[in-house]
Each structure stands twice: as C-alpha cells, then as structure tokens.
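See structure below.
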Amino acid sequence: MNDYVTVKIKKRRVMKNLNIWLGIGGSLLIAPSLQAQKQKEQQRPNIVFIMADDLGWNDLGVTGSDYYETPNIDRLASEGVFFDNAYAAAANSAPSRACFMTGLYTPRHGVYTVSPSERGDKTLRKLIPVANTEDVRTEFVTLGEALKQQGYVCGHIGKWHLGSDLDGSKTGPLSQGFDYNIAGERAGSPYSYFYPYCRNQKCHLGLDEGEEEEYLTDRLTSEAIKFVEQSKDKPFFLYMAHHAVHTPLKAPQALVDKYRKKNKGKYQKNAVYAAMVENLDWNVGRLCHAIDSLGLTDNTLIVFYSDNGGTAIATNNFQLRGSKGTPHEGGIRVPLIMKYPCKIKPGTVVSEPVTGVDFYPTLVTLVGGTPHERLDGKDIFDKKCAKERALFWHFPAYLEGNHGAKEFRATPYSIIRQGDWKLIYYYEDKSVELFNLKEDRMEKNNQAVAQPVLTAKLQDRLMRWLDETHAGIPTELNPAYIPSDK
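Residues in the sequence shown are numbered consecutively from 2, following this note's numbering.
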C-alpha cells in the first residue's frame with residue numbers, strides 16, 4: 002500500500018463540529034440531556050500521536066530527502082500543517098519523551114539523558130555531571146493522566162523508556178494514566194526488529210507471542226489499529242510510539258534489496274535505514290487508512306513527530322549541522338505534522354518555533370481541559386502565543402561519540418532560542434555560540450563576538466531561566482580529568 006484513502010469533508014459539517022467544540026450554543030454546557038451529552042462526547046476529538054524514534058528532519062520527502070520514500074507522511078503534511086521550526090525538547094530519547102509526557106523542561110523532571118550522565122571516557126570529562134533521573138516520577142501528572150481525567154480512553158503502543166510497570170517502580174504507562182499498554186517498558190530499543198524481539202528480561206517488550214520473522218513496526222501498528230477499533234465509540238488518545246528508526250538497523254529484506262538497487266542520494270545512502278524509513282511510512286499509512294475506514298477522520302487529530310534528530314551512524318542531516326545528541330540543529334530540530342480537518346487548513350506551513358513541551362497544554366486545551374499553571378509549554382493553536390517567546394534546553398551531562406570515538410558528541414550545555422537567534426552556552430570552558438537561524442541554518446557563522454550586546458542579553462535570559470527552574474549546574478571539577486595537552 003503506497004498511500005491511504007482520503008475522506009473528503011463537507012465545509013458545512015466542519016463548521017458545525019468546530020462550533021460544538023468551541024462550546025458555542027451554551028445550552029450544551031447546562032444540565033445536558035443524556036443524548037446531548039453523548040453527542041458532545043462524540044464531537045470531542047480523538048488524538049493519535051505518532052512518535053518516530055531518531056527520525057531526522059531531512060529524512061522525509063517533504064523535507065528534501067534525496068533517497069528515502071515517504072509518500073504517506075508527505076500526504077499528511079499536504080492534508081494538514083507542517084511546522085518547519087519544530088524542536089524536540091532534548092537531543093536524545095528519554096529526556097525528550099519525559100518533556101512530552103510532563104509538559105516540563107528537563108530541569109523540572111530531572112531526566113537529562115539515557116542513564117547514566119557520566120558517559121564516555123572519564124579522563125576526558127572536565128566536570129562532574131549532574132546526576133540523572135531515569136523515570137518520570139509518579140508525582141507528575143502526565144499527559145495520559147490529564148487526558149484520562151477528561152474522559153479519554155488512553156492507549157500506549159511501543160516505546161515508553163520512562164520507567165516500568167513490571168519491576169515495582171510503578172512508572173510505566175499503566176501507572177501513568179494509560180488504560181492499555183502494548184510493549185511499553187524501560188527498553189530503549191529492541192534486540193531485533195524481527196520476532197522474537199528480545200532475548201533477555203532487560204529488553205522485555207511484553208510481546209511474547211508472535212510469528213516467525215514478524216517485523217516489529219508492523220506488529221505495533223497492528224496493535225494500534227486494534228486499539229482504535231475497540232475504542233472508536235468513545236474519545237480516545239493513542240500514543241503510537243515506534244521504535245523505528247532507532248538502531249539496530251534491520252528491515253524487511255525485500256525493501257533493503259529495493260534500495261540497494263536504487264541510485265544513492267547525494268547525501269543519504271544507507272539502504273537498510275532507507276528500508277526502515279519506508280516501512281515506517283507504510284505503517285503510518287496503515288493506521289491512517291484504518292482511521293478513515295472507521296469514519297473517524299473528520300474528528301481525529303493526527304500528529305506525526307520525532308523524539309530527536311537523526312543519528313549520525315544511520316543517516317545524514319545534510320541541511321543541518323550535527324546529529325542526535327548534539328546541541329546543534331541536527332540534534333534537536335525534528336519533523337512535526339498535524340492533521341485535523343476541523344481546525345487545520347490543508348497545506349499550511351507554520352514557521353513559529355514550537356517544542357516538545359507544547360503538546361501537553363495544546364492537547365489538554367483542545368479537549369476542553371485546563372492545563373495546570375506549572376507547565377512550561379504553550380498551546381500551539383493559541384494565536385496569542387508569543388511569536389518571540391524563548392525556547393530552552395538544558396543538558397548538564399556527557400554523551401560519548403559515535404562509532405566508538407573518544408571525543409564527546411556533547412559536553413554539558415544549555416541553549417536559548419528567541420526569534421531567529423540561538424545561543425549555546427558550554428559549561429566546560431564557558432564559551433558561547435550565537436547563530437542567526439534564518440540566515441544560517443547550518444550554524445556555520447558564530448556571531449557571538451560580532452554581536453556582543455545581543456549575546457549578553459540572551460545569555461542573561463538563559464541564566465535567569467536556569468535559576469527559575471532550579472536547574473542543576475555542573476561546576477565541580479572532575480579529579481580524573483586529564484587535559485589533552487598533557
């Protein structure tokens with residue numbers, strides 16, 4: 002299947018649904034009859050949030066890939082809105098997902114990296130990093146819990162990576178607001194994408210039954226379709242969290258053979274990764290087709306997003322500098338697409354920067370709830386959302402290099418983006434980088450020296466934010482550190 006069936010919507014019906022969603026016609030809000038209450042419940046939007054893993058900003062046809070084929074995801078963009086300045090709230094998986102699930106930046110929940118924070122060669126770490134938290138603690142009201150409080154049936158399928166329901170910590174999906182959980186555990190990646198997917202308890206996904214050579218992305222999508230079919234009569238939230246396209250790089254052989262025969266791209270050449278991307282795209286199409294077939298398209302918000310930038314060992318972020326784990330755009334800029342016929346004009350492009358903490362308030366507000374005041378994110382659909390607001394990142398840890406390289410992908414840093422400007426502050430040497438992303442998306446021209454007033458202003462705002470969030474700052478020198486000049 003190369004694409005999915007598109008259901009056309011009559012304009013009159015769209016306006017009717019929109020009016021009911023906005024609460025126009027106050028009689029619905031005052032002692033509604035059972036029939037009116039049921040009608041109102043049916044009009045509340047379903048939410049399908051598709052999270053890809055390690056999919057780079059350049060890895061889609063719509064963002065300019067010269068090798069990978071993504072017709073279904075590209076179609077989603079043509080039928081909805083594409084955000085060309087969308088960000089993950091962290092440059093690697095666990096903290097990004099923690100920000101999504103809590104609506105809070107990393108200093109507030111303490112998940113900074115995939116444990117531990119002391120990664121890589123200790124003799125190369127100048128500072129002692131801030132200790133990392135592995136799980137999203139139960140004291141936080143997660144997005145799943147917030148939507149469940151609004152009467153939603155909540156299903157989690159795929160990668161959780163924020164705790165467990167099996168080891169007594171009570172930090173897995175079933176303990177954090179979800180009614181259903183398939184394969185959501187601590188595992189950051191499977192042992193294999195082919196059944197059996199794991200060979201030890203640490204990698205346990207809960208998918209003990211399966212067919213030989215069954216492919217994980219296909220299986221998870223089938224489970225998601227079952228959830229949609231079973232939940233279609235009530236408002237539902239599906240968090241479809243794929244492991245694809247995270248390593249290990251494994252894909253159906255027929256697709257791998259296709260890309261090995263295909264002319265390589267100028268920048269992207271990995272046939273196995275290309276096959277994984279196309280299979281992910283095909284499964285996005287399967288899920289969208291199921292939603293269409295059930296007549297749910299008009300009243301379903303579909304979100305497609307990636308948890309961080311593309312990893313250098315698998316893809317090439319050729320339009321951006323850096324890759325997964327780094328503070329540059331290749332590590333944090335990600336594809337974001339939303340389709341919702343009742344609210345979003347097809348073919349829209351939004352350039353205002355948005356980030357991973359924004360989904361929580363956006364989705365809770367969309368379904369009629371009131372997000373709690375402590376959230377860091379903003380409602381993406383709110384026209385009053387300041388265009389010049391600042392976005393922040395904080396990574397007080399270390400991340401070792403790719404391919405066994407001793408050099409770090411990332412040393413402790415913090416970032417502020419405001420308007421077109423992005424400032425990165427590095428803790429080891431207290432150096433600063435300043436880039437104008439509108440003119441210099443590749444971050445080649447550091448303007449910190451040329452723009453001293455702006456640099457000081459943004460650095461001051463960043464430091465005030467770190468103080469406001471009580472962020473852990475790495476300041477203690479590492480006694481095991483050996484300077485490179487010795």
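Just so it is clear, CB atoms sit at the ideal spot from N, CA and C, and this is done for glycine as well. Every value quoted in this text rests on a predicted model; they were computed, and no experiment measured them.
Integer-rounded CB distance, given that residue j should sit under 8 Å from residue i
i      : j      : result
Ala188 : Leu167 : At roughly 11 Å, the Cβ-Cβ gap does not stay under 8 Å, so Ala188 and Leu167 are not in contact.
Leu400 : Thr114 : 7 Å
Asn93  : Leu321 : Actually they are not in contact, since the Cβ atoms of Asn93 and Leu321 sit about 16 Å apart, beyond 8 Å.
Ala95  : His162 : 5 Å
Pro453 : Pro130 : The pair is not a contact, with the Cβ atoms about 30 Å apart (cut-off 8 Å).
Asp55  : His247 : 5 Å
Thr327 : Ala276 : Actually they are not in contact, since the Cβ atoms of Thr327 and Ala276 sit about 26 Å apart, beyond 8 Å.
Leu281 : His243 : 6 Å
Tyr361 : Leu125 : About 37 Å separates the two Cβ atoms, so there is no contact after all.
Ser79  : Pro347 : 6 Å
Phe305 : Lys344 : Wrong, their Cβ atoms sit about 16 Å apart, outside the cutoff.
Asp308 : Ala147 : No, Asp308 and Ala147 are not in contact; Cβ-Cβ is about 20 Å, not under 8 Å.
Lys407 : Arg390 : Not a contact, Cβ separation roughly 38 Å.
Leu61  : Ile51  : In fact, because the Cβ distance is near 13 Å, the residues do not count as touching under 8 Å.
Thr139 : Lys171 : 6 Å
Simplified DSSP assignment, three categories, for residue i
i      : result
Lys423 : strand
Ala37  : Confidence is the limiting factor: at Ala37 the pLDDT is only 44, short of 50, which leaves the residue's position unreliable and the question unanswerable from this model.
Asp486 : coil
Lys262 : helix
Ala391 : strand
Pro475 : coil
Thr312 : coil
Thr301 : strand
Val63  : helix
Phe228 : helix
Ala481 : coil
Val520 : Residue numbering for the chain in the displayed model covers 2 to 487; residue 520 lies beyond these limits and cannot be assessed.
Leu376 : coil
Ile416 : strand
Leu367 : helix
Leu23  : Its pLDDT being 24, under 50, Leu23 is placed unreliably in this model, and the coordinates cannot settle the point.
Lys11  : With a pLDDT of 27 at Lys11, under the threshold of 50, the modelled position of this residue cannot be trusted; read the value that follows with caution. In the structure shown, Lys11 sits in coil (DSSP, three-state: anything other than H, G, I, E or B).
Distance CB(residue i)-CB(residue j) smaller than 7 Å
i      : j      : result
Leu256 : Tyr274 : no
Leu424 : Leu438 : no
Val154 : Lys235 : yes
Ala87  : Val355 : yes
Lys340 : Gly332 : no
Lys149 : Gly104 : no
Tyr181 : Pro191 : no
Ile158 : Ala225 : yes
Gly473 : Gly310 : no
Asn317 : Tyr240 : no
Ser118 : Ala313 : no
Gly323 : Tyr68  : no
Gly164 : Gly173 : yes
Leu77  : Ile292 : no
Phe393 : Tyr106 : yes
Thr470 : Pro108 : yes
Lys127 : Tyr482 : yes
Gly370 : Gln44  : no
Tyr216 : Pro253 : yes
Phe84  : Val351 : yes
Arg287 : Thr222 : yes
Residue interval of the beta strand (DSSP E) (run including residue i)
i      : result
His404 : From DSSP, His404 is part of no beta strand (DSSP E); its letter is neither H nor E.
Gly159 : 154-159
Ile48  : 47-53
Tyr399 : Counting along the chain, Tyr399 falls outside any beta strand (DSSP E), and DSSP gives it neither H nor E.
Leu239 : 237-242
Range covered by the alpha helix (DSSP H) that runs through residue i
i      : result
Ala276 : 272-294
Ile490 : For the chain, the structure presents residues 2 to 487; residue 490 sits outside this window and is missing.
**Q.** In chain order, each beta strand (DSSP E) run of at least 3 residues that lies wholly inside the stretch 65-152
**A.** 82-84
**Q.** Inside the stretch 428-472 only - alpha helix (DSSP H) runs reaching at least 4 residues
**A.** 453-469
Q: Could you pull out every unbroken beta strand (DSSP E) segment of at least 3 residues lying fully inside the stretch 161-226, listed in chain order?
A: 181-183
Q | Entirely enclosed beta strand (DSSP E) segments - the stretch 336-364, minimum 3 residues | A | 337-340, 349-351
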